[in-house]
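Q: Protein sequences appear in the order of chains A and B. Counting in our numbering, the first sequence runs from 1 upward without gaps. Counting in our numbering, the second sequence runs from 316 upward without gaps. Note that beta-carbon positions come from the ideal geometry of N, C-alpha and C, so glycine has one too. Treat the numbers as computed from the prediction; the structure is a model and nothing was measured. I'd like to ask you about the structure that follows.
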Amino acid sequence: MVLEFEKPIADLEQKLQEMKDLAKGKNIDLSADIQSLEDKIQTLKKETFENLTRWQRVQLSRHADRPYALDYIHEITNDFIEIHGDRNVKDDKAMVGGLGDIHGRTVMFIGQQKGRNTKQRQERNFGMANPEGYRKALRLMKMAEKFGKPIVTLIDTPGAFPGLEAEERGQGEAIARNLKEMFKLKVPVICIIIGEGASGGALGIAIGDKVFMLENTWYSVISPESCSSILWRSWDYKEQAAEALKLTAKDMLSNKLIDGIISEPLGGAHKNLKMMATTLKATIVEALSELDKLEADKRIEMRIDKFCAMGVVKE
Amino acid sequence: MAWFKRTDKGIKTSTEEKKDAPDGLWYKTPKGNIIHTRELKSNAYVCPDDDYHVKIGSKEYFEILFDENKFEELDGNLTSGDPLQFVDSKPYTTRIEETIKKTELNDAVRTAVGKLNGEDVVISCMDFNFIGGSMGSVVGEKIARAIDYSLKNKIPFLMISKSGGARMMEAGFSLMQMAKTSAKLALLDNAGIPYISLLTDPTTGGVTASYAMLGDLNIAEPGALIGFAGPRVIRETIGKDLPKGFQSSEFVLEHGFLDFIVDRRQMKNRLGTLLKLLRN
Numbered sequence: 001m002v003l004e005f006e007k008p009i010a011d012l013e014q015k016l017q018e019m020k021d022l023a024k025g026k027n028i029d030l031s032a033d034i035q036s037l038e039d040k041i042q043t044l045k046k047e048t049f050e051n052l053t054r055w056q057r058v059q060l061s062r063h064a065d066r067p068y069a070l071d072y073i074h075e076i077t078n079d080f081i082e083i084h085g086d087r088n089v090k091d092d093k094a095m096v097g098g099l100g101d102i103h104g105r106t107v108m109f110i111g112q113q114k115g116r117n118t119k120q121r122q123e124r125n126f127g128m129a130n131p132e133g134y135r136k137a138l139r140l141m142k143m144a145e146k147f148g149k150p151i152v153t154l155i156d157t158p159g160a161f162p163g164l165e166a167e168e169r170g171q172g173e174a175i176a177r178n179l180k181e182m183f184k185l186k187v188p189v190i191c192i193i194i195g196e197g198a199s200g201g202a203l204g205i206a207i208g209d210k211v212f213m214l215e216n217t218w219y220s221v222i223s224p225e226s227c228s229s230i231l232w233r234s235w236d237y238k239e240q241a242a243e244a245l246k247l248t249a250k251d252m253l254s255n256k257l258i259d260g261i262i263s264e265p266l267g268g269a270h271k272n273l274k275m276m277a278t279t280l281k282a283t284i285v286e287a288l289s290e291l292d293k294l295e296a297d298k299r300i301e302m303r304i305d306k307f308c309a310m311g312v313v314k315e
Numbered sequence: 316m317a318w319f320k321r322t323d324k325g326i327k328t329s330t331e332e333k334k335d336a337p338d339g340l341w342y343k344t345p346k347g348n349i350i351h352t353r354e355l356k357s358n359a360y361v362c363p364d365d366d367y368h369v370k371i372g373s374k375e376y377f378e379i380l381f382d383e384n385k386f387e388e389l390d391g392n393l394t395s396g397d398p399l400q401f402v403d404s405k406p407y408t409t410r411i412e413e414t415i416k417k418t419e420l421n422d423a424v425r426t427a428v429g430k431l432n433g434e435d436v437v438i439s440c441m442d443f444n445f446i447g448g449s450m451g452s453v454v455g456e457k458i459a460r461a462i463d464y465s466l467k468n469k470i471p472f473l474m475i476s477k478s479g480g481a482r483m484m485e486a487g488f489s490l491m492q493m494a495k496t497s498a499k500l501a502l503l504d505n506a507g508i509p510y511i512s513l514l515t516d517p518t519t520g521g522v523t524a525s526y527a528m529l530g531d532l533n534i535a536e537p538g539a540l541i542g543f544a545g546p547r548v549i550r551e552t553i554g555k556d557l558p559k560g561f562q563s564s565e566f567v568l569e570h571g572f573l574d575f576i577v578d579r580r581q582m583k584n585r586l587g588t589l590l591k592l593l594r595n
C-alpha cells in the first residue's frame, strides 16, 4: 500500500529499479546516475517524513504494513509464552499478553492486537477490545505484580469496541477499573503507543511510570474522523480535526502528556521492523533500569503525581 | 394566488439570534403530563403522575441533598484554559465565555461540602447545561480537589455524574482527566473513605469509563441513560436497532453494574442511611 504523500518517493524508487535492471541487462555502467538518483530519493524521503502533517502521521499509524504488538513482542523477547482469557467470559483476541524474556529478565507484555488480513482482522476485531479484554489485561497485570515482574503495554487501538454485548458486560466499568488499579501496581509499568491511541480504549492499558509514543502514532480523546463528524457535523474535516486535536507524539510531549518519543526508521516503523524493534527494546531496557532504582511506593507516588498534574485551568 | 403572502424578506432567524424560550410556569414531561413548576420543585423535580425525573443541575441537587440548603462551595472560581487553541465552528475560548454567561456556571461541575441528614459529605455534581456536561481540565481538577478534601478531612465523597463524556476541545488533556480522577480515587480506596457514585441521565463516554463506575457503591436515578458508547454509535456498529430499555439504569442494574436505583424523592434519606451505616 502506498499513501498519497509516499507516491513521489515510490515513483522514483521504481525508476531506480528500472535503471538498475537496464544497467544489468544491457551491461552498461550507470553507476553515476544510479548514485545520484539514490541520493535524490534519500533527500526526498527525509524532506517528506520530517514535514508530515498531523493527518499524514495518522495515516502512517494505520499503515497496512505497520508492525503490530505481537510482531514487536516476538522480535524483542527470547522465550515468549502467551497467556489467554479473563477467567470470566472468554479470551479476547483483540487484547494479547504473556511473559517474555528480555535480556535475561522476565517482563509481562500486554497489548492490543490488530489483524493483517480480512480473516485476522475479524478475529482480532480490528484491535477493539471488549470488556473481557480489559479484564484479561488486568489479570495479567496482577499476575505480574504477584511475581514482581515489570509490565510493558503496547497500545494500538481505534477504540474500545462499541458493541451491544460490550455494554452489557460493562465496557465503562472494565476500563475505569483498569485506570484505578494501574495506579496501585507495585511493579514498574511502561506504556508505549505503537499505532493508534484512541481514547479510553487506549488509556485502559496506558497508565504507566513511563508513557512513550512512537514517532508516527497518535493519541487523543477521539479519532479525527469522529471528531469531524461531531464538531463539524461531517466526515470531511478529518485533516482539520487532526490539526485541532494536536494528537501527534510531538504535540503530546510538548503538552507534557507523555514522557518521550521513540524515533522510527525513515519512512515509518514498517520499513524496517528489525531496526524499530531494536530501538524499542533499548528504550524499554533503559527505562526499566531507571525505574528499578526507585522503591515501589515512590514509583506509585510519582505515577499518581504525574497524571494529577495534567490539565490547564485558570484560578 | 396564495392565501398568505410573505412581505418581509429573510425573516428566518439565524441560530445565533434564536433566543432560549423563557422558563414557563408549566412543565410537560415526555409522556405528555403537565405539571406546575412550583409543584415540580416541591416534588424534587419528579413528575408525580409518571415519575419522570426532570434533568436538573448542581443547584437543584445541592438544594435537595444538603440540610437546609446550607453548604460551602469549593474551588468555585476555577475556569477553563485553552491549552490547544482549539477552534471548530468557533474558538473554544468564545464558547466558554458564552456558556458561562448563558448558564451562570463556571464549568460543568460544582463541588460543595456540607451535611446530609447530619452526615458530613463532600458532593461534586455535574451540570449538563455546560457544554453537555463534558469533562475537561476544570472538571478533572475540581473532582481531584474534592477528593483531596475528602482525604484530608476524612469525609465521604459523593459524585453526581451527568455528562456526554470527554470535552473534545481539550483533546489529550481531557483524556487524562480520566486518569487523574481515577488516581485520586485509588488514594481514597487506600484511605478507606467511602465513595458513592450517583449516575443520572445521561452518563456516558469517558465519565462512565472513569469515576462514575468506580464507586464503592454505584447508584442511579430511574430511567437514566448509562453507557460507555452512545446508542447511535452502537446502532451504527452493529447495524441493528437496539432493544427497548438498552442502557437504561434498570438494564445496567440487571447486568450487575449498579447497586440500586433510587427515586429522587427518597434519595436524601437513602443516602443519609447509607452514610450512617458506613460510618457506624
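Any chance the stretch 159 to 174 of chain A sits against the stretch 538 to 555 of chain B, with 3 or more Cβ pairs inside 8 angstroms?
A: The answer is yes - the stretch 538 to 555 of chain B touches the stretch 159 to 174 of chain A, with three or more Cβ pairs under 8 angstroms.
Q: Can you find a CB in chain B that lies within less than 9 angstroms of the CB of A:M141?
A: no
Q: Indicate whether the contact test is met: 3 or more Cβ pairs, each with one atom in the stretch 446 to 455 of chain B and one in the stretch 421 to 428 of chain B, closer than 8 angstroms.
A: yes
Q: Looking at chain B, which residues of the stretch 195 to 215 of chain A have a Cβ within less than 7 angstroms of any of its Cβ atoms?
A: Per Cβ criterion, the list reads S199, G200, L203 and I207.
Q: Nearest to A:F212 by CA position, among A:N178, A:A282, A:I175 and A:Q240, is which residue?
A: A:A282
Q: Between the beta-carbon of A:G66 and the beta-carbon of A:A269, is there less than 9 angstroms?
A: In the sequence under discussion, the amino acid at residue 66 of chain A is Arg, which differs from the Gly named in the question. Closer than 9 angstroms, so yes.
Q: Among B:F472, B:H368, B:M484 and B:I349, which has the Cα closest to the Cα of B:A501?
A: B:F472
Q: According to DSSP, is B:A481 part of a helix, a strand, or is it coil?
A: The answer is strand: DSSP assigns B:A481 an E or B state.
Q: Under 9 angstroms, Cβ to Cβ, is there at least one residue of chain A near B:S281?
A: Absent from the structure is residue 281 of chain B, since the part of chain B shown begins at 316 and ends at 595.
Q: Taking Cβ positions, are A:S263 and A:T279 nearer each other than 9 angstroms?
A: Their beta carbons are under 9 angstroms apart, which means A:S263 touches A:T279 by this criterion.
Q: Determine contact between the stretch 460 to 468 of chain B and the stretch 190 to 199 of chain A, defined as no fewer than three beta-carbon pairs at a distance below 8 angstroms.
A: no
Q: Give the straight-line distance between the Cα atoms of B:M528 and B:T518, rounded to the nearest whole angstrom.
A: 10 angstroms
Q: At which residues does the beta strand (DSSP E) containing A:D305 begin and terminate?
A: Note, A:D305: premise wrong, no beta strand (DSSP E); alpha helix (DSSP H) at A296 to C308.
Q: Among A:K20, A:K306 and A:A144, which one has its Cα closest to the Cα of A:I34?
A: A:K20
Q: Pull up the distance between the alpha-carbon of A:L12 and that of A:L37, whole angstroms please.
A: 8 angstroms
Q: Considering only the alpha carbon of each residue, which of B:C362, B:S478, B:E536 and B:M483 lies closest to B:P406?
A: Nearest neighbour of B:P406 by Cα position, chosen from B:C362, B:S478, B:E536 and B:M483, turns out to be B:M483.
Q: Would you report the Cα separation of B:A539 and B:V577, rounded to the nearest angstrom?
A: 11 angstroms
Q: I'd like the span of the beta strand (DSSP E) that includes B:I534, first residue to last.
A: L532 to A535
Q: Decide if the stretch 492 to 512 of chain B is in contact with the stretch 243 to 251 of chain A; the criterion is three or more beta carbon pairs, one per stretch, under 8 angstroms apart.
A: Taking a cut-off of 8 angstroms for Cβ pairs, the stretch 492 to 512 of chain B and the stretch 243 to 251 of chain A do not touch, as fewer than three such pairs fall below it.
Q: Taking all protein chains shown into account, do 16 or more other C-beta atoms lie within 10 angstroms of the C-beta of A:K306, making it buried, or fewer, making it exposed?
A: buried
Q: Does B:G520 come out as helix, strand or coil in the three-state DSSP assignment?
A: helix
Q: Using the Cα positions of A:K180 and B:A498, report the straight-line distance between them to the nearest angstrom.
A: 6 angstroms
Q: Is A:P67 helix, strand or coil when you go by DSSP?
A: coil
Q: Would you check whether the ligand ADP has a heavy atom nearer than 8 angstroms to the C-beta of A:L247?
A: By its list of ligands, the structure shown contains no ligand whatsoever, and the ligand ADP lies outside what it can speak to.
Q: Quick one: does B:E413 have its CB under 9 angstroms from some CB of chain A?
A: no
Q: Using the three-state DSSP reduction, which class does A:K90 fall into: helix, strand or coil?
A: Coil.
Q: Is the Cβ-Cβ distance between A:Q89 and A:A69 less than 9 angstroms?
A: For clarity, residue 89 of chain A is Val in the given sequence; the question names Gln instead. Contact: no.
Q: Give the DSSP bridge partners of B:H368, in chain order.
A: Looking at the DSSP assignment, B:H368 forms a beta bridge with B:V361.
Q: What do you get for A:E47, buried or exposed, if any count of 16 or more other CB atoms within 10 angstroms of its CB means buried?
A: exposed
Q: I believe B:K370 touches B:F445 by the beta-carbon criterion, under 8 angstroms. Please report the beta-carbon distance rounded to the nearest angstrom.
A: That belief does not hold up - the Cβ atoms of B:K370 and B:F445 are roughly 13 angstroms apart, past 8 angstroms.
Q: Report the rounded CA-to-CA distance for A:H63 versus B:K356, giving the unit in angstroms.
A: 57 angstroms
Q: For the alpha helix (DSSP H) that contains B:Y407, what are its first and last residues?
A: Residues Y407 to T418.
Q: Identify each residue in the stretch 282 to 308 of chain A for which the Cβ-Cβ distance to at least one residue of chain B is less than 7 angstroms, and report them in chain order.
A: I304, F307 and C308
Q: Kindly indicate if chain B contains any beta-carbon less than 9 angstroms away from that of A:A160.
A: Yes, because at least one Cβ of chain B sits closer than 9 angstroms to the Cβ of A:A160.
Q: Fully enclosed by the stretch 200 to 251 of chain A, which alpha helix (DSSP H) runs are 4 residues long or longer?
A: 224 to 231 and 238 to 245
Q: Could you give the first and the last residue of the continuous alpha helix (DSSP H) run that contains B:Y526?
A: No alpha helix (DSSP H) holds B:Y526; DSSP gives it neither H nor E.
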